[in-house]
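Q: One structure, pasted below without further comment.
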Amino acid sequence: MKVMVVGGGGREHAIIKSLKKSEKIDKIYALPGNGGIAMDAECVDIKATDIPGAVDFAVKNNIDFAVVAPDDPLVLGMVDALNEKGISCFGPKKNAAIIEGSKVFSKNLMKKYNIPTAAYEVFTDGKQAVKYLEGAKYPAVIKADGLALGKGVIIAKNFDEAKNAVKSIMEDKVFGDSGNEIVIEEFLTGPEVSVLAFTDGNTVVPMVSSMDHKRAKDGDEGLNTGGMGTIAPNPYYTEEIAKECYEKIFVPTIEAMKKEGREFSGCLYFGLMITEKGPYVIEYNCRFGDPETQVVLPLLKSDLFEIMQKISRKELKKEDVEFYEKSAACVVMASEGYPVSYEKGFEITLPELNDDEQIYIAGAKKKDGKIVTDGGRVLGAVKIANNLKDAVDGAYALTEKIHFDNAYKRCDIGKKALEYVRR
Ligand code: AMP
Ligand code: GLY
């Protein structure tokens, strides 16, 4: 079978490496992929958001199955366009991808179906939002409605910060039309857990849990990034909490989407916070998380492609999804200066890997036969081990064998989780 994977980051590299293990697949294309993905798939110079380009390529090359991984092509309706040409896909249609594409939609959905989430108000008018913020409790959380490259959430410590956030989102339009509406919500506290779940619209099967490290600097300081590292499983996500999430969040969400006539098929990402009052939904994503995928898929024992095919045929069963009882850690190596400004173009040297190690390339390109840095997050170094400590130590040991100029990484990935395990 010929498969195409849309996207070009570390997540897509992890998906491709997992798909490669399937005997059913003869050829994988990546649109556009990157200089590292090129080691595992044929990269095609078509942007992830180029829907006509992707459809045209799929038709001309007799693609049997497409995996649409990033949020923007999903929200724009790439799956609908490919389905129209008879191409089976993994990923939600446009009317279901809205669960990530509009925070106003997802908050209203949760309210309507009693899914636990922070209390909130929606504003389409900046002045009214500011008036509301005069009497709000702080910190207050301000979210742009639409996609904003993971930067659309501002936690304002006081009224001045909140007012500035509203101005930049609604007046200065720093996120474009994504800021036409905003959600202002209650600030919650507690450990965060990411749970990716396979679903065919009827059955939902959660994958192993994980923990992201979003801030740029050690100790969760510095700016928000796309994610500086992950561990799996997440020790805060106990069996008891998992059961509660399944009953109060996962199943109700899938049912709610069905009732709304927006059946969700693909990977639904639940961003959860374990509060004193139980687990709450912080956000939904309509796709695999990045860099959560880099620790979740290496632990998947079942054939990823078979799961994806079953989902596209609406035949998913719980037994189809099995994980190894192991741990994984991913340490992101970024370019110094990320997420603000950084230099690119430095040669990357990679070591030979053991079976329990992976390197997923996120921001690199080929130049004169070499691989050079080409983005903020350059790669993720991943180790699979019998326990979390060995996974974290192993991932850091692996980073020591990878070289490029101006490399930057956090030095405390997994630290909080390990302290919790040892408590
Ligand atoms: P998001 O871009 O939606 O993933 O949000 C980014 C981060 O903001 C989350 O991972 C949380 O750490 C934080 N956040 C979002 N909503 C809330 C909330 N209601 N209370 C506290 N923190 C939040
Ligand atoms: N790691 C967070 C995300 O994928 O949105």
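Read in order, the letters of the sequence shown are residues 190 to 612 in the numbering used here. Virtual Cβ for every residue (Gly too), placed ideally from N, Cα, C.
Of the residues I550, P221 and P480, which one's Cα is nearest the Cα of M400?
A: For M400, the nearest C-alpha among the options comes from P480.
Q: The ligand GLY and D401: does any heavy atom of the ligand fall closer than 6 Å to the residue's C-beta?
A: yes
Q: At a cut-off of 6 Å, is G416 close to the ligand GLY when judged by its beta-carbon and the heavy atoms of the ligand?
A: yes
Q: CB A180 to CB A351, shorter than 7 Å?
A: One cannot answer for residue 180 here, as it falls past the ends of the chain, which runs 190 to 612.
Q: If we count the other Cβ atoms within 10 Å of its Cβ and call it buried at 16 or more, is A317 buried or exposed?
A: One detail in the question is off: residue 317 reads as Gln in this sequence, not Ala. That one is exposed.
Q: Could you name the residues, in chain order, whose CB is less than 7 Å away from a heavy atom belonging to the ligand AMP?
A: A307, V330, K332, G339, G341, V342, I344, E374, E375, F376, L377, T378, E381, K403, N413, G460, M462, I471 and E472
Q: With DSSP as the reference, label F364 as helix, strand or coil.
A: coil
Q: Please report the distance separating the alpha-carbon of K206 from that of D215.
A: Taking the straight line from one Cα to the other gives about 13 Å.
Q: Based on the DSSP output, what are the partners of M462 in its beta bridges?
A: E381 and Y469
Q: List, from N- to C-terminal side, the beta strand (DSSP E) runs of 3 residues or more that fit wholly inside the stretch 219 to 303.
A: 254 to 257 and 277 to 279
Q: Between F453 and the rest of its own chain, which residues show a CB-CB distance below 7 Å, the 5 nearest in sequence each way excluded?
A: P281, A285, I288, T388, G390, I443 and M446
Q: Answer with buried or exposed for P487, where buried requires no fewer than 16 other C-beta atoms within 10 angstroms of its C-beta.
A: Flag for P487 reads buried.
Q: Is N423 close to the ligand GLY? I mean its beta-carbon at under 6 Å from any heavy atom of the ligand.
A: no
Q: What is the C-beta distance between V248 and K274, in whole angstroms, given that I count them as a contact (C-beta under 8 Å)?
A: 5 Å
Q: Three or more beta-carbon pairs under 8 Å between the stretch 308 to 316 and the stretch 360 to 372, yes or no?
A: Flag = yes, the stretch 308 to 316 and the stretch 360 to 372 touch.
Q: Buried or exposed for M190, going by 16 or more other Cβ atoms inside 10 Å?
A: With fewer than 16 other Cβ atoms within 10 Å, it is exposed.
Q: Report the option in A553, N251, P241 and V440 whose CA atom is closest to the CA atom of I217.
A: N251
Q: Rounded to the nearest angstrom, what separates H202 and P441 at their Cα positions?
A: 32 Å
Q: With which residues is P480 paired in a DSSP beta bridge?
A: Note: P480 sits in no beta bridge, so no partner.
Q: Note down, in chain order, each residue of its chain lying with its Cβ closer than 8 Å to the Cβ of L493, except the 5 sequence neighbours on either side.
A: Only I204, S207, L208, K210, S211 and L486 meet the Cβ criterion.
Q: From which residue to which residue does the alpha helix (DSSP H) around E589 run?
A: L577 to E589
Q: So if DSSP puts Y531 in a beta bridge, which residue, or which two residues, is it bridged to?
A: DSSP output for Y531 lists no bridge partner at all.
Q: Indicate, with yes or no, if the ligand GLY has a heavy atom lying under 6 Å from the CB of D479.
A: yes
Q: Taking the straight line between their C-alpha atoms, what separation do you get for M142 and V195?
A: The structure shown does not extend to residue 142, since the chain is modelled only from 190 through 612, so no value can be given for it.
Q: Between the C-alpha atoms of G365 and E429, what's the straight-line distance to the nearest angstrom?
A: 41 Å
Q: Given a cut-off of 7 Å on the beta-carbon distance, is the pair V394 and L461 in contact?
A: no
Q: Out of curiosity, what's the CA-to-CA distance linking G467 and E532?
A: CA-CA distance, G467 to E532, rounds to 43 Å.
Q: Could you have a look at K326 and say whether DSSP puts it in helix, strand or coil?
A: coil
Q: Under the criterion of a Cβ to heavy atom distance below 6 Å, does N474 qualify as lining the ligand PLP?
A: The ligand PLP is absent from the structure shown, which contains only the ligand AMP and the ligand GLY.
Q: Suppose you measure from the CA of K340 to the CA of K556; what does that come to, to the nearest Å?
A: 31 Å
Q: Would you mind reading off the limits of the beta strand (DSSP E) that contains G418?
A: G418 to A421
Q: According to DSSP, is L539 part of a helix, a strand, or is it coil?
A: coil
Q: Specify, as a first and last residue, the run of the alpha helix (DSSP H) that C434 falls within.
A: For C434, the uninterrupted alpha helix (DSSP H) segment begins and ends at E428 to C434.
Q: Between E410 and the rest of its own chain, which residues show a CB-CB distance below 8 Å, the 5 nearest in sequence each way excluded?
A: R404
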